[in-house]
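J.:
In the working numbering, the protein residues as written are 1 to 178.
Here it is, written out as structure tokens:
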């Protein structure tokens, strides 16, 4: 099962991120369209994401409701109610179905929580936050064990948190012609 995490407060953006548009398409759709090709997919919404709830309802996108009291409490709730899952942030528009398949296959092999990483030096300059590796919003969640998975998709490091990030992602999307 894949859960797209879309219940946060979007405090750095100042607006509800999942329904913001990138190249004319809502961020949530960039992720959902890739995920639903791979496995059963739900969007995790909360009291913080009323517009996302309406968008999902209108577009017949399956969703689950969480408390919205924080990422960790929402993840714990989902894990207890639904069991292990693949977690994808709603604000990483350049995730590929192949990325999701890669972490799912690794998860099936290891059966532990997996943190997705991408080498910082391959991420577009505007999105490099540090040296070494960048944690990406594509992970597996279980109740036991931990591991890491290093992706080779540099655009997984494109995480939209601010209006500037959205503008920079638009430039990347135009450059990639998508």
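Glycine included, every Cβ here is placed at the ideal spot set by N, Cα and C.
(1) On the three-state DSSP scale, how would you describe residue 39?
(2) Check whether the Cβ atoms of residue 95 and residue 87 sit closer than 9 angstroms, and answer yes or no.
(3) Are three or more beta carbon pairs between the stretch 157 to 173 and the stretch 129 to 138 nearer than 8 angstroms?
(4) Do you know whose CA, among 41, 35, 70, 38, lies nearest residue 49's CA?
(5) Using the Cα positions of residue 25 and residue 178, report the straight-line distance between them to the nearest angstrom.
(6) When we look at the beta-carbon of residue 16 and count the other beta-carbons within 10 Å, is it buried (16 or more) or exposed?
(7) Expressed to the nearest angstrom, what Euclidean distance is found between the alpha-carbon atoms of residue 121 and residue 27?
(8) Which parts of the stretch 91 to 124 are runs of the alpha helix (DSSP H), unbroken and 4 residues or longer, counting only runs that do not cross its ends?
(9) Could you pull the DSSP bridge partners for residue 16 from this structure?
(10) If you pair each beta-carbon of the stretch 97 to 108 with each one of the stretch 138 to 149, do three or more pairs fall below 8 angstroms?
(11) Going by alpha carbons, who is nearest to residue 78 out of 175, 162, 1, 134?
(12) Leaving out five residues before and five after residue 171 in sequence, what residues of the same chain have Cβ atoms less than 6 angstroms from its Cβ?
(13) Using only alpha-carbon positions, find the residue among 114, 8, 73, 134 that is nearest to residue 123.
(14) Pull up the CB-CB distance for residue 20 and residue 173, whole angstroms please, since I reckon it's below 8 angstroms.
T.: In brief:
(1) coil
(2) no
(3) yes
(4) 70
(5) 11 angstroms
(6) buried
(7) 25 angstroms
(8) 97 to 110
(9) Residue 16 is not bridged to any residue.
(10) yes
(11) 1
(12) none
(13) 134
(14) Not really, about 13 angstroms apart at Cβ, beyond 8 angstroms.
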